[in-house]
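Working notes for the structure below.
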Amino acid sequence: MSVIYKSAEGERELLGHYRRALDDWPVPAERVRVPTREGETFVLVSGPPDAPPLVLLHGSGANAVMWREDVAVWSRHFRTHAVDLVGEPGLSAPSRPALGTGAVALWLDDVLDGLGIADAAVVGTSLGGWTALDYAVRRPERVTRLVLMCPGGIGRQKIGWVFTTLPARVFRRGGLRESAMTVTGLSRESAVLDGVVRTFAHFNPRREKLPVFPDDALRGLGMPVLAIVGGRDAMFDSRQTARRVHECVPQSTVKLLPDVGHAIFGQTGTIDAFLRT
């Protein structure tokens, strides 16, 4: 059993559910395994082989299937690469490179090199947004456009890392679902919420706070950047995120969704238009 799971049974349940979800991927896809210094990394690749590359980085407690509602649109004009972050409940290695040290960027170097990608547009959400931003700061020549959804590392982190409140509440009736609703902003009836609850019943997330990028790092971003944040984000100060991106990033577009929490969906067309501009 990997240490990122709470039990061997939970690991089997989550990975079995993930593999079944992969079978329902809405467009033809190649399942690629890339060797990296952090261990094997799983990537789901869709779209025309000669199209511009687009790299997708999911959030904590997620995997590549979080993009299944978007990929049918994005893969019309891009070669999409939905990466399972290492150390998360997907098919990549359980390794967790230290945040803020350059180790995450070195891992992503290996992923892009292994896929034969010199540079790409990158879309990231939450932890994936932090990862994408960290890479753009450290490797600006490899990121052509950057989309950040509820990213960490810009606005103040309101609570400890994902679901730190869950262990104390999970044994209360409905505690896990209530906590998941609080953090994500999803409704009780949401099918996505069902998946979140299933995951965090069996998965041990990273708990350290995400390093915050200084103003100078944001000012150094030369590529066009789209930031989409939820006004009711329980994890990060979304208004501070919006303000810092607007003030510091030279080519930035900011979209604040006032009634949305940390989990942002339904932005497929907005992101597609930005990527194709």
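For the sequence shown, position 249 matches number 251 in our numbering, and the numbering has no gaps at all. Note that the Cβ used here is the ideal one computed from N, Cα and C, for glycine as well.
**Q.** Between the CA atoms of R221 and H264 - distance to the nearest angstrom
**A.** The residue given as residue 264 occupies position 262 in the sequence shown. The residue given as residue 221 occupies position 219 in the sequence shown. The alpha-carbon atoms of H264 and R221 are separated by roughly 25 angstroms.
Q) Where does H204 fall in DSSP's three states? A) Against the sequence shown, residue 204 aligns to sequence position 202. In the structure shown, the three-state DSSP call for H204 is helix.
Q.
Threshold first: 4 residues or longer. Then list the alpha helix (DSSP H) segments lying entirely within the segment 26 to 111, N to C.
A. You should have 73 to 76.
**Q.** 8 angstroms Cβ shell around G63 - same chain, five flanking residues per side excluded
**A.** Taking the sequence shown and counting its residues from 1, one reaches residue 63 at position 61. When the five nearest sequence neighbours on each side are left out, the beta carbons in the same chain lying within less than 8 angstroms of the beta carbon of G63 are those of E90, P91, V164, F165, V198, T201, F202, F205, P207, in order along the chain.
(Q) Three or more C-beta pairs under 8 angstroms: does that hold for the segment 220 to 234 against the segment 108 to 120? (A) As far as the Cβ criterion goes, the segment 220 to 234 does not touch the segment 108 to 120, which means the pair count is below three.
Q. Buried or exposed: which applies to D280, given that a residue is buried once 16 or more other Cβ atoms fall within 10 Å of its Cβ?
A. Absent from the model: residue 280. The displayed extent of the chain is 3 to 279, so no value can be given.
Q) Per the contact definition of three or more C-beta pairs closer than 8 angstroms, is the segment 140 to 148 in contact with the segment 76 to 84? A) The segment 76 to 84 makes no contact with the segment 140 to 148, as fewer than three CB pairs between them are under 8 angstroms.
Q) Taking all protein chains shown into account, do 16 or more other C-beta atoms lie within 10 angstroms of the C-beta of V45, making it buried, or fewer, making it exposed? A) As a first step, residue 45 is located in the sequence shown; it is residue number 43 there, counting from the start. Buried.
Q: Would you check if the segment 253 to 269 and the segment 233 to 244 touch, i.e. whether three or more CB-CB distances between them fall below 8 angstroms?
A: Touching, per the Cβ criterion.
Q: Could you say which of M68, A95, T43 lies nearest to E112 if we only look at CA atoms?
A: For the purposes of this step, residue 112 is taken as the residue at position 110 of the sequence shown. Per the sequence shown, residue 112 should be read as Asp rather than Glu. Taking each of M68, A95, T43 in turn and checking the Cα distance to D112, the smallest one comes out for T43.
Q. Where do the N-terminal and C-terminal ends of the alpha helix (DSSP H) with G232 fall, by residue?
A. For this step, residue 232 is matched to residue 230 along the sequence shown. Not the alpha helix (DSSP H): G232 falls in the beta strand (DSSP E), residues 227 to 232.
Q.
Only counting the same chain, and skipping five residues up and downstream in sequence, which positions put a Cβ closer than 6 angstroms to that of H60?
A. Position 58 of the sequence shown, counted from the first residue, corresponds to residue 60. Leaving aside the five residues that flank H60 on each side, the residues in its chain whose CB is nearer than 6 angstroms to its CB run, in chain order, M68, G130.
Q.
The beta strand (DSSP E) that contains V262, what's its start and end?
A. Numbered from its first residue, the sequence shown carries residue 262 at position 260. Taken as a continuous stretch (DSSP letters only), V262 belongs to no beta strand (DSSP E), as it is neither H nor E.
Q. Between which two residues does the alpha helix (DSSP H) carrying G268 extend?
A. Locating residue 268 in the sequence shown gives position 266, where the first residue counts as 1. No alpha helix (DSSP H) contains G268, which DSSP labels as neither H nor E.
Q. Thinking C-alpha only, which one of T82, P37, D25, V5 is nearest G49?
A. Here residue 49 is taken as the residue at index 47 of the sequence shown, counted from 1. Of the listed residues, the one whose Cα sits closest to G49 is T82.
(Q) If the criterion is Cβ atoms closer than 9 angstroms, does the pair T270 and D72 meet it? (A) Here residue 270 is taken as the residue at index 268 of the sequence shown, counted from 1. Here residue 72 is taken as the residue at index 70 of the sequence shown, counted from 1. Yes, Cβ-Cβ distance for T270 and D72 is below 9 angstroms.
Q: Using 10 angstroms around the beta-carbon of D52, count the other beta-carbons present and answer buried if the total reaches 16, otherwise exposed.
A: Residue 52 sits at position 50 when you count from the first residue of the sequence shown. Counting other Cβ atoms within 10 Å of its Cβ, D52 stays below 16 and is therefore classed as exposed.
**Q.** Alpha-carbon spacing of V125 relative to T255, whole angstroms
**A.** Numbered from its first residue, the sequence shown carries residue 125 at position 123. Numbered from its first residue, the sequence shown carries residue 255 at position 253. Straight-line Cα distance between these residues: approximately 14 angstroms.
Q. Just to confirm, are V106 and V85 a CB contact at a threshold of 9 angstroms?
A. Position 104 of the sequence shown, counted from the first residue, corresponds to residue 106. Position 83 of the sequence shown, counted from the first residue, corresponds to residue 85. In this structure, V106 sits away from V85, with a CB-CB distance that is not shorter than 9 angstroms.
Q | 9 angstroms Cβ cutoff met for G104 and R241 | A | Within the sequence shown, residue 104 is the residue found at index 102, counting from 1. Within the sequence shown, residue 241 is the residue found at index 239, counting from 1. Contact: no.
Q) Among the residues of its own chain, which have a CB less than 8 angstroms from the CB of R39, if the five just before and after it don't count? A) Looking up residue 39 in the sequence shown gives position 37. So the qualifying residues of the chain are L108, W109, D112.
Q) Whole-angstrom Cβ separation of P96 and I6, contact assumed at under 8 angstroms? A) Taking the sequence shown and counting its residues from 1, the one referred to as residue 96 is at position 94. Taking the sequence shown and counting its residues from 1, the one referred to as residue 6 is at position 4. Right, their Cβ atoms sit about 5 angstroms apart.
Q. Just reading off the beta strand (DSSP E) that V139 is part of, what are its end residues?
A. For the purposes of this step, residue 139 is identified with residue 137 of the sequence shown, where counting begins at 1. From DSSP, V139 is part of no beta strand (DSSP E) but of the alpha helix (DSSP H) over 129 to 140.
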